[in-house]
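Residue numbers (the numbering used here), protein chains in the order written: chain F, 69 to 184; chain U, 9 to 118.
Glycine included, every Cβ here is placed at the ideal spot set by N, Cα and C.
Structure, as structure tokens:
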Amino acid sequence: GAVVSQHPSRVICKSGTSVKIECRSLDFQATTMFWYRQFPKKSLMLMATSNEGSKATYEQGVEKDKFLINHASLTLSTLTVTSAHPEDSSFYICSASPSGAGNEQFFGPGTRLTVL
Amino acid sequence: AQSVTQPDIHITVSEGASLELRCNYSYGATPYLFWYVQSPGQGLQLLLKYFSGDTLVQGIKGFEAEFKRSQSSFNLRKPSVHWSDAAEYFCAVGFQKLVFGTGTRLLVSP
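Structural data, given as structure tokens:
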């Protein structure tokens, strides 16, 4: 139980294009989902908190117009990197917190984004 | 400011030897505490967590961690390391939002 999937697992795109990453909770409903970014040999940096049916809350320094987050249902959140540039290349990881489960987070396998 | 310190960037342990990974935190109140493991190119798997109660917590894969309030520490231990334990280990603290340490890479030598 408590499986979170991400799609795609890796994506390569050209500079200036937009990329959408999906995060799904497969066997539970998630009121809250989180998006993290992980640089090579670095820790996870929380980008934003996504609550179903409401606007995402972005961490300081994260451009909300560049990293669009949509949490349209209790099992799906999407992160769209708009007008991607090489500096956006990174490993993006989502997590989902089951409704009513307090503070437990279950992590997806991550998406490797490479912007050429 | 909230922060998590994992002072060891990498540790090498012989297979079968014991392991201790250190984690210290700075937080306004006693937060929930977590240890995660990450294999290369993969997401994070929860090893164990502490919310309250017994300060010695048992987790999966034979891992345990001890919460010491006076030291603001939550060190991870395993009595006998297996080669498959080689991975990156992250300590995290918080309530709804988690603050992660920078990770400790565990290498296991034959």
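Measure the Cβ-Cβ separation of A100(U) and L114(U) and say whether it is below 8 Å. no
Find the residues of chain U that neighbour F175(F), judging by a C-beta separation of less than 7 Å, and give them in chain order. G51 and L52
Spatial distance of L106(U) from T117(F) (CA atoms): 11 Å
Boundaries (first-last residue) of the beta strand (DSSP E) holding A95(U): A95 to G102
Taking any Cβ of chain F, which residues in the region 55-87 of chain U have a Cβ under 9 Å from it, in chain order? K57 and F59
Mapping DSSP to helix, strand and coil, what is A166(F)? In the sequence as presented, Ala is not what sits at residue 166(F); that position holds Pro. Correct three-state label for P166(F): strand.
3-residue-minimum beta strand (DSSP E) runs that sit fully inside the region 78-127 of chain F, ordered along the chain: 78-81, 87-93, 98-106 and 112-119
Whole angstroms is fine: what's the gap from S83(F)'s alpha carbon to V72(F)'s? 29 Å
Buried or exposed (CB count within 10 angstroms, at least 16 for buried), E96(U): buried
When burial is assigned at 16 or more other CB atoms within 10 Å of the CB, is A152(F) buried or exposed? buried
Where the region 107-118 of chain F meets chain U: residues whose CB sits under 7 Å from a CB there: K110, S111, L112, L114 and T117
What did DSSP end up calling E172(F) once you bin it into helix, strand or coil? coil
Give the residues of chain U in contact with I137(F), contact being defined as C-beta atoms less than 9 Å apart. Within chain U, no residue comes near I137(F); the closest Cβ sits about 15 Å away, beyond 9 Å.
Relative to the C-alpha of Q53(U), which candidate in T148(F), V183(F) and E172(F) has its C-alpha closest? E172(F)
What's the call for L94(F), buried or exposed, on a 16-neighbour Cβ count within 10 Å? exposed
Buried or exposed, going by whether 16 or more other CB atoms sit within 10 Å of the CB of A98(F)? buried
Straight-line CA distance for G70(U) to F175(F)? 21 Å
Return the first residue and the last residue of the beta strand (DSSP E) that V74(U) is part of. Here residue 74(U) turns out to be Glu, not Val, going by the sequence shown. Unbroken beta strand (DSSP E) run through E74(U): E72 to K76.
Span of the beta strand (DSSP E) around R180(F): T179 to V183
DSSP has W43(U) in a bridge; who is on the other side? L56(U) and C99(U)
What separation, rounded to the nearest whole angstrom, lies between the Cα atoms of H90(U) and S22(U)? 9 Å
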